[in-house]
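So the structure is just underneath, and the comments pick up after that.
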Amino acid sequence: MADEASELANDEAAHTELHGAVIAGIVPGEPARVVKEAARYAKVLGAPLLVVHVDVTRFVTYEDPDGYVHSAPIDMNIGGGEGDLEIVKAETTKALESHDVSWTARQLVGDPAIAIKHLADEVDARLIVVGTRKHGIGESIREFFTGSVAARLAHRQHRPILVVPLGEPVADDEEIWPA
3 MADEASELAN
13 DEAAHTELHG
23 AVIAGIVPGE
33 PARVVKEAAR
43 YAKVLGAPLL
53 VVHVDVTRFV
63 TYEDPDGYVH
73 SAPIDMNIGG
83 GEGDLEIVKA
93 ETTKALESHD
103 VSWTARQLVG
113 DPAIAIKHLA
123 DEVDARLIVV
133 GTRKHGIGES
143 IREFFTGSVA
153 ARLAHRQHRP
163 ILVVPLGEPV
173 ADDEEIWPA
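Quick note: the sequence shown, position 36, residue 38 per the numbering used here, numbers continuous.
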């Protein structure tokens, strides 16, 4: 019983520390520019930085009253993204080594837009930062069917969203989604 009370107190302290956070949605291999921009805004706003990775190979099955989330893999035959959070942590550590900002990392599961929205509600986030998708036919097809995480976030919650462009911009006279 004492352990449960101690764990609950620790969860409440962590929740309080993250109140008003800047949330950065990061995937492994994403350019450091995204997390650096998020860190810059966190510093300007005097807010904690919360780096999140969403494992899209898992979904939420049940959430305990104390907030613990149970999840299951979408397909038992594919490898999950368990190691992706460690990659995101290592890349964030490297990207922010010369920045004077403290940050916390958290793994979410399921649909990225919905998972980030729920976390933003939980911590009353001040800003959500995400990168654009990389150019390429595969990414264009995926975005066509699933939609942009940034666009879906913009339609599902009230917080400001900073979308950090990745790569070179497409010229004004060039097709964004080539046929």
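Note that beta-carbon positions come from the ideal geometry of N, C-alpha and C, so glycine has one too.
(request) Could you spell out the range, first to last residue, of the beta strand (DSSP E) harbouring Thr106? (result) Where Thr106 is concerned, the enclosing beta strand (DSSP E) stretches over 105–111.
Discussion item. Looking at Val132: is its Cβ nearer than 7 Å to the Cβ of Gly22?
Written reply: Taking 7 Å as the cut-off, the beta carbon of Val132 is found no closer than this to the beta carbon of Gly22.
Compare the C-alpha of Ala41 against each of Val111, Ser100, Pro30 and name the closest. Closest in C-alpha terms to Ala41, from the list Val111, Ser100, Pro30, comes Ser100.
- Say whether the segment 88–104 touches the segment 43–55, bearing in mind that this needs 3 or more beta-carbon pairs closer than 8 Å, one atom from each stretch. Yes, they touch.
Next item on the list: Assign Lys38 to one of two classes, buried (16 or more other C-beta atoms within 10 Å of its C-beta) or exposed (fewer than that).
Entry: Under the 10 Å beta carbon count, Lys38 is surrounded by 16 or more other beta carbons and is classified as buried.
>> Would Asp86 and Pro30 qualify as a contact pair, given that the criterion is a beta-carbon distance under 7 Å?
In response: Yes, the Cβ-Cβ distance between Asp86 and Pro30 is below 7 Å.
Between which two residues does the beta strand (DSSP E) containing His160 stretch? Where His160 is concerned, there is no enclosing beta strand (DSSP E), because DSSP gives it neither an H nor an E.
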